[in-house]
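Everything below concerns the one structure shown next.
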Amino acid sequence: MSNPIAMWTVFVKELKDALRDRRTLMVVFFTSIAMGPLMLVLLSSLVGKYEKRAEAREIVTIGLDAAPTLRNYLERRTFIVKTAPADWESQLKDSKLGDPVVIVPATFEDDLAHGQAPRIQLVYSSANGRAQSGVGAIERLLQGFGQEQASLRLIARGVAPGVMNVSSVDEHDIADNASRAAELTSMVPMFVMMAVLYGALNAALDTTAGERERGSLEPLLATPAARAALVVGKWGAVFALGLLIAVLSCMSFLPAQSLLRSEQLAALFRFGWVEAAWFIGLLAPLAAALSALMMAIAIRCKTFKEAQANTVVLTLAVTMTPMVSLFNQEGESAWNLWVPALAQSTLMNRVLKNAPISALDVAPGLFICVALTVVALMFVSRQLTRRAAQ
Amino acid sequence: MIAMDDLRKQFTSGRGRKARTVVAVDGMTLHAQDGAITGLLGPNGAGKTTSLRMLVGLVTPDSGTIHVDGIDMRENAPGVRARLGVLSDARGLYPRLTARENIVYHGRLHGVADEVAQARCEHLARLLEMGALLDRRTDGFSQGERMKTALARALVHDPANIVLDEPTNGLDVVATRALREALRVLRDETGKCIVFSTHIMQEVERLCDRVVLMAHGRHIADGTVASLCEQAGCDDFEDAFVRLAFGTEGQPQ
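Next up, the structure:
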């Protein structure tokens, strides 16, 4: 029979078969569609909390009554002064208290009046992320007080305070909104790649190792259909499922943005139709290669379970490779674009940063994925007959 | 018509010094005519399944020839497969598809048009008395129901030659009888060439026009049940089989 008809017949059958596996599909659908929005909401509530903390302008103190000068300074800087609770130390350790604690010595005013530097303690726990994030701001605030006092003393002695400023530092943050947001959303590409992998996994295993396990491969090979046609038909169905999950999970970010609680993050994380289209376009070749690779691994296995154990290596590799860019502080290297999964996550991150992407950037990843797909499918085709009789 | 001549096959497992060679088939000859049921009889491990796998092209013989309706396996394997209906040892069905979908799927892969495959499916359902099963998913089918579905799947393209590998394995008396009856209909009404492998004497006695005896991968004897009994000098076919396959002492040769 002609190969295209056999290919189409196998494709339709495998797709129908996979779509009838409701329980597995439900799990995959929910994880891929619901996880995206869920992640965004969690991320935004986290960022929102930090924002709220920064806006709150609160300072937790002990013994401030002994330091009216400092209190005056803090209130002039529109800070709300709070007294630390009695068990502040344990609360700080257990992360129940979200602010560092400032301890003012009882001799503060005396020391100040006598020109001795009073020792103010700033207590925090580096295991308490919330409190630690506020340390820098409080430190700057207290340094400001020191500077103010120093300036007053210099003025009183008839010296211009400018004498103390040998140089001045002006900070310029050149990151634009999109790249600042990408710091927070760099997990998104990794997440969608996992969704594609798990979307295709079940079908890839079922059409190969599953077929061997239930003893339906031998009858299938007794038909005159060409091996290559059978393999391409099966791969087509697996790829289609992976792509479907890719589309669904990318699309799920579109409505999910309205759930963002942090206004800043909502303004920064721009994921529109253009970004979704880029993501899907980048994920498609990866989905093709992963589908073929999973089939190649699974065809050597006699049972579904064995295949699941064997594909763990691949799923781990796909999860870990994007980490390279997370750990790599030196920025992108040229070779990143030649490694499957890493190339796609790098480019997807560029999409999120709104950075330019040229055809030359896309080409290496595309080439490697297509080559992997072809080699893996040829391998499956060769193995099909050998493994059926085992 | 099926002609297998002097087939040989050995398998090697392991590599290097640990390599072990097992001779599975060592000079197997079988000729099966149209309009007849040919039994391939042999004890467990005689090489029946390997022989039939070579016929389908799942295993490539080391030497020997296979012709189906005059087509040489080495020259046109898909052509041979198209003329065979195979109920193999592995009878796996797709559990999420209905019996009808399982059957029509194979019909389509044999190049049969969808409408024709559907019609054949109905026809086979009547022949195998499985009309009520057609639109049920095969998940949870009994052994008998699975066998019927697998047989219908093997016959959906109306092949001139039918190959069955131990088809009665795991079937109860009623299902075995129904299968036997279906095979007789196929032989008598449509003149099919049927090859039937088994290790059960009664089945051969009741059903087969000719028998090919096989042991230790080798062809031992062939003929009708009566002629084999005569050859062995026994009245009982079981005694004849043991004598021919294992020698006078009933011991392997």
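Chains as they are written, first to last, in our numbering: chain A, 1457 to 1846; chain B, 881 to 1133. Each residue gets a CB set at the ideal place from its N, CA and C atoms; glycine is no exception. Predicted model, so just to flag it, every value in this text is computed and none were measured.
Not a single CB atom of chain B sits nearer than 7 Å to the CB of E1762(A). Following the DSSP letters along the chain, one finds Q1572(A) in no beta strand (DSSP E), marked with neither H nor E. For R895(B), none of the residues of chain A pass the 9 Å Cβ criterion, the least Cβ distance being about 16 Å. For L938(B), the nearest beta carbon of chain A is closer than 7 Å to its own beta carbon. By the criterion of a C-beta distance shorter than 7 Å, R988(B) is surrounded in its chain by D994 and A997, once the five residues flanking it on both sides are discounted. Interface flag for T1802(A) against chain B is unset, since no Cβ pair is found closer than 7 Å. Out of M881(B), G915(B), N956(B) and G896(B), the CA that lies nearest to the CA of R1064(B) is found in G915(B). Runs of the beta strand (DSSP E) spanning 3 or more residues and lying entirely within the stretch 918 to 955 of chain B occur at 943 to 948, in chain order. Rounded to the nearest whole angstrom, the CA to CA distance from E1470(A) to R980(B) is 15 Å. Across the structure, M1010(B) and E1046(B) are spaced so that their CA atoms are roughly 20 Å apart. Interface with chain A (7 Å Cβ-Cβ cutoff): S1022(B) is excluded.
Chain B has a Cβ within less than 7 Å of the Cβ of A1678(A).
Along the stretch 1473 to 1488 of chain A, going in chain order, the ones with a CB nearer than 8 Å to a CB of chain B are D1473, R1476 and D1477. Within the stretch 1521 to 1574 of chain A, the runs of beta strand (DSSP E) that reach at least 3 residues and sit entirely inside it are, in chain order, 1536 to 1539 and 1557 to 1559. When the beta-carbon positions are compared, G965(B) and A1034(B) come within less than 7 Å of each other. Taken through DSSP and simplified to helix, strand or coil, A1790(A) comes out as helix. Here G1024(B) carries a helix assignment [DSSP, helix/strand/coil]. The bridge partners DSSP lists for R1090(B) are T918(B). For the C-beta of A1752(A), not a single chain B residue is nearer than 8 Å; the gap to the nearest is close to 20 Å. Looking only at K1809(A), L1673(A), M1776(A) and G1821(A), the smallest Cα-Cα distance to V1795(A) is reached by G1821(A). Residues of chain A whose Cβ lies closer than 9 Å to the Cβ of H990(B) are, in chain order, M1457, T1679, P1680 and A1681. The count of Cβ pairs closer than 8 Å, one atom from the stretch 885 to 892 of chain B and one from the stretch 903 to 910 of chain B, reaches three, so the stretches are in contact. Taking the CA atoms as reference points, L1610(A) sits about 21 Å from L1530(A).
DSSP lists L964(B) and C1073(B) as the bridge partner or partners of N1041(B). Taking 7 Å as the cut-off, the beta carbon of A970(B) is found closer than this to the beta carbon of G1671(A).
Within chain A, the residues P1675, L1676, A1678 and T1679 have their CB atoms less than 9 Å from the CB of H986(B), given in chain order. For M908(B), the enclosing beta strand (DSSP E) has its first and last residue at R900 to A912. Here Q1800(A) is buried: its Cβ has 16 or more other Cβ atoms, across all protein chains shown, within 10 Å.
Taking 7 Å as the threshold, the shortest C-beta distance from T1465(A) to chain B falls below it. With fewer than 16 neighbouring CB atoms inside 10 Å of its own CB, A1606(A) falls in the exposed class. Among the residues of the stretch 946 to 959 of chain B, those with a Cβ less than 9 Å away from any Cβ of chain A are A957, P958 and G959, in the order of the chain.
Residue burial is scored here from C-beta neighbours: E955(B) has fewer than 16 other C-beta atoms within 10 angstroms and is therefore classed as exposed. Counting along the chain, no alpha helix (DSSP H) covers T892(B); the unbroken beta strand (DSSP E) around it starts and ends at I882 to S893. Note: V996(B) is not bridge-paired with any residue in the DSSP secondary-structure output. Residue pairing by DSSP leaves A1811(A) without any beta bridge partner. Below 8 Å, too few C-beta pairs join the stretch 1478 to 1487 of chain A and the stretch 1526 to 1545 of chain A to call them touching: fewer than three.
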